[in-house]
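Enquirer: Residue numbers (this note's numbering), protein chains in the order written: chain V, 1 to 375; chain P, 1001 to 1209; chain U, 2001 to 2110; chain A, 3001 to 3647.
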Amino acid sequence: MRLVRGPAHAIAGPNPWSPEALVQCTGRSMTPRRRALVRNAALTLVLVLLATGCNALADPRAPQSTVFPKSDWAALIYDLYNKVFIMAVLVFVGVEGALLLFIIRYRRTDENRLPSQTHGNTRLEILWTILPALVLFVIAIPSIQVIFASEEVPPNVSAMYVRVIGHQWWWEFQYPELGISTANELHVPAGQTVRFDLQSADVIHSFWFPFMGGKVDVVPMRVNHMWYTPDASAASASPYLSQCVEFCGTEHAMMRNRLFVDTPEQFNAWAALQRQDAQVPQGDDVQRGAGLLLGGQCRNCHTIKGTTAIGVIGPNLTHVGSRSTIVSGTLDTNVDNLAKWIHDPQSVKPGAKMPTLGFSEADARSMAVYLMTLK
Amino acid sequence: MRSVAAAPPITPAAPPAHTEEHRTSTGLNNRKVLMWTFLGSDCMFFGALIASYIVYRGKWQQTPTPNELFDIPYTSVSAFALLMSSLAMVLALAAIQRGDLKRLKIWLLTTAGLGLIFIGGQIYEFTGFGAEGMNLSTGTGGTTFFVLTGFHGTHVSLGIIWLLSLYTLARRGALHQGRSLDVEIAGLYWHFVDIVWIIIFTVVYLLPV
Amino acid sequence: MSVVHAADHAAEHHPGARDYVIIAAILTAITAVEVAVYYILQGPTRALLSPVLIVLSTLKFTLVVMYYMHLKFDSRLFTTIFVFGLCVAIFMILAFVAIFHGFLVIPGGA
Amino acid sequence: MATIAVPSPIAERRVLRPIAPTGVWSWITTIDHKRIGVLYGTTAFIFFLIGGLEALLMRTQLIRPNNTLLGPDQFNGLFTMHGTTMIFLVVMPLSAAFFNYVVPLQIGARDVAFPRLNAFSYWTFLSGAILLNLGFVAQTVPDNGWFSYANITERAFSPSAGQDFWVVGLQVLGVASLAAALNFLVTIVQLRAPGMSLMRMPLFTWTTFITSILIVLAFPVIAIALFELMFDRLFGTNFFNTIGGGDPILWQHLFWTFGHPEVYILILPAMGIVSEILPVFSRKPLFGYPFMVYAVAGIAFLSFTVWAHHMFTTGLGAIATSFFAASTMLIAVPTGVKIFNWISTIHGGSLKLTTPALMSIGFVSMFTIGGLSGVMHASPPIDTQHQDTYFVVAHFHYVLFGGAIFGLFGGIYYWWPKITGRLLDDGIGKLQFWLMMIGFNLTFGPMHFLGIDGMPRRIYTYPANMGWDMWNLVASIGAYTLGLAILVMIFNIAKTFINGERAGADPWDGMTLEWTIPSPPPAYNFAVIPEVHSRDPFWLQKHPELASHELTESTGEITIGAQHVGDLGIPAVHAGQDGGHEAHGDVHVHMPDPSYWPPIAGLGFFIAGLGVLIASATTYAALGLTGIGLLTVLVAIYGWSLEPVNG
Ligand code: HEA
Ligand code: HEA
Ligand code: CUA
Ligand SMILES: [Cu+2]
């Protein structure tokens, strides 16, 4: 198991709480062979159980599954999960087995029999006070190691920095170092450590990509952090889906987002594109749409770089046409959907913070056509 | 259901015959156990409020902050009044336990009076703060200060009502030596309110931010 | 718990009016000291103010509880009940302080 | 009241308190702990049906992807009301029903320490319950979840009155719970029959005791939190209002400082019930009684140190996270002791699988599953994957339904004959049990997989391509099966009223004092207060041969007034000491009279709550109504303390 995330020696100094120190002190108590033996025995037992059990039922095609780690952090958690799960299964089998056995064994057969009146057995009871405590100790140590290992990016790792801002009910992603601002679709290069600053514009949300690791809440008045390194191989299964996981109001269910793990080349190309100003409208149709859009209220809420639209209430639309989905991952990006949304957002996503502005379907369609050109 | 139509008459004093509680497992009086248990619980009420206050203490983003407005000598005097009301309260209890009903009445009134001085002082203080720009919705400082001290003030006010009720009973001759417990229990409540102020005075007013 | 006859002992050493007045005098004195140190401890000695105040107010608190509320003379059960509530409350307050005022953050960490 | 006629002393004195012995008014003004217990139980069961119906609606919405049966706001209102109802209006009052009915009987008391305070608790509880549900009438239902995290609960984000119903309803419910808990603490400390030392108390009495301690210490915290939220919404204070500098995380700490002890408040009574049932049906005493007591106390104590395990994803920092992880895991130790001791109680016994026994076994087996998933959450890194997914939903239904509801239903089957004098049908009961068991696992088992597959909780719909379709369908089918099980239970109850088999005083061969008196018990419970010489006193009374050996610290037997156990053929040994009110032979027991004041005080709180609700929707002027309500409470308290005390 990898305990230290990122490159080795990430955490310097003789800190007794450092993960290395903790590994050492637990590692010493069992010889590697003994440990392997125990682990194998447990694993065999558990795997048999699990063939029909829990993990096997976890659907590998489920795009938000928590048990197919694709980053260092997710892998750490998954390892831990397996350990704890094995313990839980062992306890489960023991307890339920004994219960079942005794129920069958000690069924009342003779209404007149008075069984022997045992009142307890102090030694036994002390035993099953201590035994679970030991099991828990075995769980607690690696848990705490992982907590500390995932607390902060090791100082010698250079991380890309992304600012995540939760809004009711969409996600804003800023790359301050790259001068990019986008919405709902996050791009990161494979193998590159990313550090997120999590902020909220209104209420509490929670930011999560199960394949990349756990979630961290996005709390107003605070800046929370999260970091991980997507596996070098993660690009192949991209995009990864997720959604907001802290109840945040009416459309909490529709606050979805996507993660694109790109190869470094793809990422650079994407970033270069995103940095540019918006495409200048060309052609009558498109110009008509642009005129409507920039003449209307849209610009109070949306930014389209290089135009008069500089609002910051809604998603940045500079490159909206380059996203695969719109409206927090609820609709595919195409002219029809854009037109439908602009015409009447409230029927698409009731409660959304974009009002229905009363544009006719035709006008909405023109704007949609313009927006589609904003690659 | 005849008794329903005729509303139950409220009768003044209860006949003393049955006020002595039955045998209890501990030999202690039920109502006294109840009061102490309630006070244990009340610790948590104030604990939660004080915790809320401390969480924001020193992180206020408002001006003026509560501590800029405090007039320590002034509040010391009203804190002192409340402290002395506790003395009056024990003296009232001692009086009824001796069967000295006259002193009982005097000390009960004194206690309530000192409580009223405290409340009056608090109202005056609050008004002053309001005039200087700190009210219930001024940042987290105003919010936590007023709600904490106001909650305490409500406790004091309820205590005053209780004491005055006892005083009325005493005047009607319904309190006598055998019912000293009624005064003792009110006293427990009253002293508790006093010790809470000891804490609030220190934590809110005196401790440096 | 052997609270059963604890109440019997209660009545014996009951403090009288005189004792109450003495306690009141002590309480007054402590309050005076509290206010005094508030003004006296300035500059570098200001750091002493918090511990001094905490000790003094704890003293006041204890005096009132022990004598005016009779816990010193009353059944142990009452002390148990009250102190238990008090301890949980104090634990909660301390935990909140630790969490919100950054005492649990690793120095140099996030 | 079959066996002994109570000569009414009423005629002899001025009629100052209500006297009707039967009819609606007798129930409204009752201060008899048994009747109040029945009131609690009935109300809780009705709310169980309502909360269950809300669940069924949710399950129907989630039965397939992209369902449009319910809109987002409707769904959000449903899970909020479902969670709040099940916790505050079902499990707590159902537990309170048993506290009320059973505890005085188990400790050999005539009533609780403060009968009118007890009635007050019930009526205030009812007021709170109605206030909470009034949102359905006003058509703005609370919709921010059962823990209503700030700051979405602020006026700026939840302008409608829905949130106010939640705040006010819970506030009033809190008053009721506190009053009840204080009452039970005093009752158990003070009113035990002679000889009933703490370590001879039945375990259910113990869990009531500890639960009450938890309530007394935990409810003030939520009361203050609600108070602060109410002030934020009503008067623009800034406790949780970020615009004024407030920190929404404070709410989470306050809520869970209450909330975690609360979950043990929900489970401990059920654990107590199981600890009563398993020994009786195994015909041997509870295994390791002292350990069981210490375990309950240990759980209670630890429960105040673990709250932030609900906040592992909020950015607590590594040190705090580790601390709360460790303390949380520690709780599994005393809980494990209980599980092992229950199993050992069955070991070597003679187990009769009646419905109460089955329900208890259901408890032990299902609660273990919920506990184990709890331990998985206790590992913070794992929790960051599971938090706010259906895995957590699975966890808490396994402990709440698999634990609390199974246990409490076991209690219903177990004490029903004592309460009504008639047995619930055991065959139908078994049918219900198996339907419940199957339905329960079908409903909540798959939620583990949904959680692992990343399905968040509190979403009103989900797309089709997420791999969640099948398990949601299964869960919904399971929920309908549960509904069926509950219908079976209702049928059983109805049938029992019509032609239920009569139960004697001691239908189960019980061990504790409540089985020594007739079913249903007379108003005064015990004509002669029994004197107790051991744990499981009735058991040893029936089996005197057991008393001599094996028992270490408990010896001897229980003493019961002969006239009461006549139908059991148990001789009385000697009469217990008591206040001296009883004339032996001919029973003259003065019981306190009913009173109007408790329901009036409850009504006062209702009016006060209504005032706050109207004020927050319209103008501050409505706070006048709150004033009137509180004044009513005050008047009621005066009326009540000046009322002639009879008996
Ligand atoms: C009856 C109520 C009840 C009970 C008893 C418990 C019991 C426990 N709970 Fe649970 N919990 C809830 C009700 C309850 N919970 C609710 C309602 C929520 C969700 C709130 C919300 O978000 O809406 C919740 C959420 C919750 C969380 C937060 C999850 C999240 O939101 O991310 C956590 C995290 O630690 C947790 C942990 C535990 C633990 C460790 C126990 C332990 O007490 C369990 C101990 C029991 C056992 C472990 C089984 C028996 C033991 C043995 C057989 C011994 C051997 C075992 C071992 C060695 C492991 N619970
Ligand atoms: C004791 C507590 C308890 C109990 C018993 C239950 C019981 C059930 N719960 Fe509960 N549940 C909670 C406590 C409880 N729940 C809590 C605290 C939450 C969190 C809320 C939140 O997120 O804020 C929750 C959330 C919750 C969710 C998640 C919602 C979401 O996050 O989106 C779901 C989803 O399936 C669910 C389902 C069920 C079901 C199917 C039952 C079934 O077991 C119900 C069985 C009962 C019945 C089926 C009733 C039978 C009724 C009839 C047969 C009708 C007869 C009617 C009349 C005569 C009028 N519950
Ligand atoms: Cu944002 Cu839920
Ligand atoms: Cu918890």
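Heads up, the beta-carbon is just placed ideally off N, CA and C, and yes, glycines get one too. Model, not experiment: these values are computed from the prediction.
Taking the alpha-carbon positions, what's the R195/V to K70/V distance?
Expert: Against the first sequence, residue 195/V aligns to sequence position 195. Against the first sequence, residue 70/V aligns to sequence position 70. Approximately 16 angstroms, taken between the alpha carbons.
Enquirer: Count Cβ pairs between the region 3204-3223 of chain A and the region 3150-3169 of chain A that sit closer than 8 angstroms; are there 3 or more?
Expert: Judged by Cβ distances under 8 angstroms, the region 3204-3223 of chain A makes no contact with the region 3150-3169 of chain A, as fewer than three pairs qualify.
Enquirer: Any idea what DSSP makes of M226/V, helix, strand or coil?
Expert: Position 226 of the first sequence, counted from the first residue, corresponds to residue 226/V. Residue state, collapsed to three classes: strand.
Enquirer: Could you spell out the range, first to last residue, of the alpha helix (DSSP H) harbouring M3437/A?
Expert: Locating residue 3437/A in the fourth sequence gives position 437, counting from the first residue. Where M3437/A is concerned, the enclosing alpha helix (DSSP H) stretches over 3426-3452.
Enquirer: Quick one, what's near ligand 3 if you take every residue whose CB is closer than 5 angstroms to any heavy atom, in chain order?
Expert: Those residues, listed in chain order, are H205/V, C244/V, C248/V, H252/V, M255/V.
Enquirer: Rounded to the nearest angstrom, what separates L1207/P and L1148/P at their Cα positions?
Expert: Taking the first residue of the second sequence as position 1, residue 1207/P is located at position 207. Taking the first residue of the second sequence as position 1, residue 1148/P is located at position 148. Distance between the alpha carbons of L1207/P and L1148/P is about 16 angstroms.
Enquirer: For the 8 angstroms Cβ check, are there 3 or more pairs between the region 3267-3277 of chain A and the region 3355-3373 of chain A?
Expert: Short answer: they touch.
Enquirer: Flag F3147/A as yes when its Cβ comes closer than 7 angstroms to any non-hydrogen atom of ligand 1, and as no otherwise.
Expert: Here the question's residue 3147/A lines up with position 147 in the fourth sequence. Yes, Cβ of F3147/A sits closer than 7 angstroms to a heavy atom of ligand 1.
Enquirer: At least one CB of chain A closer than 8 angstroms to the CB of G1178/P: is that the case?
Expert: The residue labelled residue 1178/P in the question sits at position 178 within the second sequence. It does not; no Cβ of chain A falls within 8 angstroms.
Enquirer: Taking 8 angstroms as the threshold, find out whether the region 3019-3038 of chain A comes into contact with the region 3083-3094 of chain A through three or more Cβ pairs.
Expert: No contact exists between the region 3019-3038 of chain A and the region 3083-3094 of chain A.
Enquirer: Taking CB distances under 8 angstroms as the criterion, tell me whether G3579/A reaches chain P.
Expert: What you label residue 3579/A is simply residue 579 of the fourth sequence in a count that begins at 1. Note that G3579/A scores a pLDDT of 34, beneath 50, so its modelled location is shaky and nothing firm can be said.
Enquirer: What three-state label does DSSP hand Y2067/U in the structure shown?
Expert: In the third sequence, the residue the question calls residue 2067/U occupies position 67. Note: Y2067/U maps to helix in three-state DSSP.
Enquirer: State yes or no: is the beta carbon of F2082/U nearer than 8 angstroms to at least one beta carbon in chain A?
Expert: Here residue 2082/U corresponds to residue number 82 of the third sequence, with the count starting at 1. By this cut-off, F2082/U is not an interface position.
Enquirer: Quick check: is the beta carbon of G1128/P nearer than 8 angstroms to any beta carbon in chain U?
Expert: On the second sequence, residue 1128/P is found 128 positions in, with the first residue counted as 1. By this cut-off, G1128/P is not an interface position.
Enquirer: For F1070/P and M3329/A, what's the separation of their Cα atoms in angstroms?
Expert: Position 70 of the second sequence, counted from the start, is the residue given in the question as residue 1070/P. Position 329 of the fourth sequence, counted from the start, is the residue given in the question as residue 3329/A. In a straight line, the C-alpha of F1070/P is about 46 angstroms away from that of M3329/A.
Enquirer: Looking at the unbroken beta strand (DSSP E) that takes in Y240/V, where does it start and where does it end?
Expert: Your numbering for residue 240/V matches position 240 in the first sequence. Looking at the DSSP string, the run of the beta strand (DSSP E) that includes Y240/V is 240-243.
Enquirer: Measure the Cβ-Cβ separation of L374/V and A278/V and say whether it is below 8 angstroms.
Expert: Residue mapping note: residue 374/V aligns to position 374 of the first sequence, counting from 1. Residue mapping note: residue 278/V aligns to position 278 of the first sequence, counting from 1. Yes; because the gap between Cβ atoms is below 8 angstroms, this pair is in contact.
Enquirer: Around ligand 4, what residues have a beta-carbon under 7 angstroms from a heavy atom of it, in chain order?
Expert: That query returns the following residues: W3256/A, G3259/A, H3260/A, V3263/A, V3306/A, W3307/A, H3309/A, H3310/A.
Enquirer: Does the region 3337-3353 of chain A come within contact of the region 148-160 of chain V, defined as at least 3 CB pairs closer than 8 angstroms?
Expert: These segments do not touch.
Enquirer: Using a beta-carbon distance below 8 angstroms, is G3611/A in contact with chain P?
Expert: For the purposes of this step, residue 3611/A is taken as residue 611 along the fourth sequence, with counting starting at 1. Judged by the 8 angstroms Cβ criterion, G3611/A is not in contact with chain P.
Enquirer: Measuring straight from C-alpha to C-alpha, what distance separates V3375/A and F3444/A?
Expert: Taking the fourth sequence and counting its residues from 1, the one referred to as residue 3375/A is at position 375. Taking the fourth sequence and counting its residues from 1, the one referred to as residue 3444/A is at position 444. Going from the Cα of V3375/A to the Cα of F3444/A covers about 17 angstroms.
Enquirer: Return no unless some Cβ of chain A is closer than 8 angstroms to the Cβ of F2096/U.
Expert: Locating residue 2096/U in the third sequence gives position 96, where the first residue counts as 1. Taking Cβ atoms only, chain A reaches closer than 8 angstroms to F2096/U, which makes this a yes.
Enquirer: Within the 8 angstroms Cβ cut-off, does Q1061/P reach chain A?
Expert: Mapped onto the second sequence, residue 1061/P falls at position 61. Cβ-Cβ to chain A under 8 angstroms: yes for Q1061/P.
Enquirer: Taking 8 angstroms as the CB-CB limit, is T2031/U close to chain P?
Expert: Position 31 of the third sequence holds residue 2031/U. Yes, contact with chain P.
Enquirer: Given the structure, does H3377/A come close to ligand 1, in the sense that its CB is under 7 angstroms from one of the ligand's heavy atoms?
Expert: Counting from 1 along the fourth sequence, the entry for residue 3377/A is found at position 377. H3377/A Cβ: within cutoff of ligand 1.
Enquirer: Could you give the DSSP three-state label for L2094/U: helix, strand or coil?
Expert: The count along the third sequence starts at 1 and reaches residue 2094/U at position 94. In this structure, L2094/U counts as helix in the three-state DSSP scheme.
Enquirer: Quick one: list the residues of chain A neighbouring L1049/P, beta-carbon separation under 7 angstroms, in chain order.
Expert: For the purposes of this step, residue 1049/P is taken as the residue at position 49 of the second sequence. In chain order: I3224.
Enquirer: Once DSSP output is grouped into helix, strand and coil, what is the label at D2019/U?
Expert: For the purposes of this step, residue 2019/U is taken as the residue at position 19 of the third sequence. D2019/U falls in the helix class under three-state DSSP.
Enquirer: Taking 8 angstroms as the limit between beta carbons, can you name the residues of its chain near Q3577/A, skipping five residues before and five after?
Expert: Stepping through the fourth sequence from its first residue, residue 3577/A is reached at position 577. Low confidence applies here, because Q3577/A scores a pLDDT of 35, under 50, leaving its location unreliable; read the following figure in that light. Once the five neighbours on either side are set aside, the close Cβ partners of Q3577/A are P3194, I3529, E3531.
Enquirer: Could you give the first and the last residue of the continuous alpha helix (DSSP H) run that contains E1068/P?
Expert: Within the second sequence, the letter at position 68 stands for residue 1068/P. 1066-1069 is the extent of the alpha helix (DSSP H) around E1068/P.
Enquirer: On a Cα-Cα basis, can you pick out the residue from A368/V, Q64/V, I141/V that is closest to K215/V?
Expert: Within the first sequence, residue 215/V is the residue found at index 215, counting from 1. With distances taken between Cα atoms, K215/V lies closest to Q64/V.
Enquirer: Please report the distance separating the alpha-carbon of A3113/A from that of G3454/A.
Expert: What you label residue 3113/A is simply residue 113 of the fourth sequence in a count that begins at 1. What you label residue 3454/A is simply residue 454 of the fourth sequence in a count that begins at 1. Using only the alpha carbons, I get a separation of about 51 angstroms.
Enquirer: Going straight from the alpha carbon of L357/V to that of H343/V, what length do you get?
Expert: Here residue 357/V is taken as the residue at index 357 of the first sequence, counted from 1. Here residue 343/V is taken as the residue at index 343 of the first sequence, counted from 1. Approximately 7 angstroms between the Cα atoms of the pair.
Enquirer: Contact criterion: CB-CB distance below 8 angstroms. Does G1153/P meet it with respect to chain A?
Expert: Numbered from its first residue, the second sequence carries residue 1153/P at position 153. Closer than 8 angstroms: no.
Enquirer: Counting only C-beta atoms, is P1066/P closer than 8 angstroms to chain U at any point?
Expert: The sequence position of residue 1066/P within the second sequence is 66, counting from 1. Not an interface residue.
Enquirer: Against chain P, does R2018/U count as a neighbour if the rule is that its beta carbon must be under 8 angstroms from one of theirs?
Expert: Here residue 2018/U is taken as the residue at index 18 of the third sequence, counted from 1. Taking Cβ atoms only, chain P never reaches closer than 8 angstroms to R2018/U, which makes this a no.
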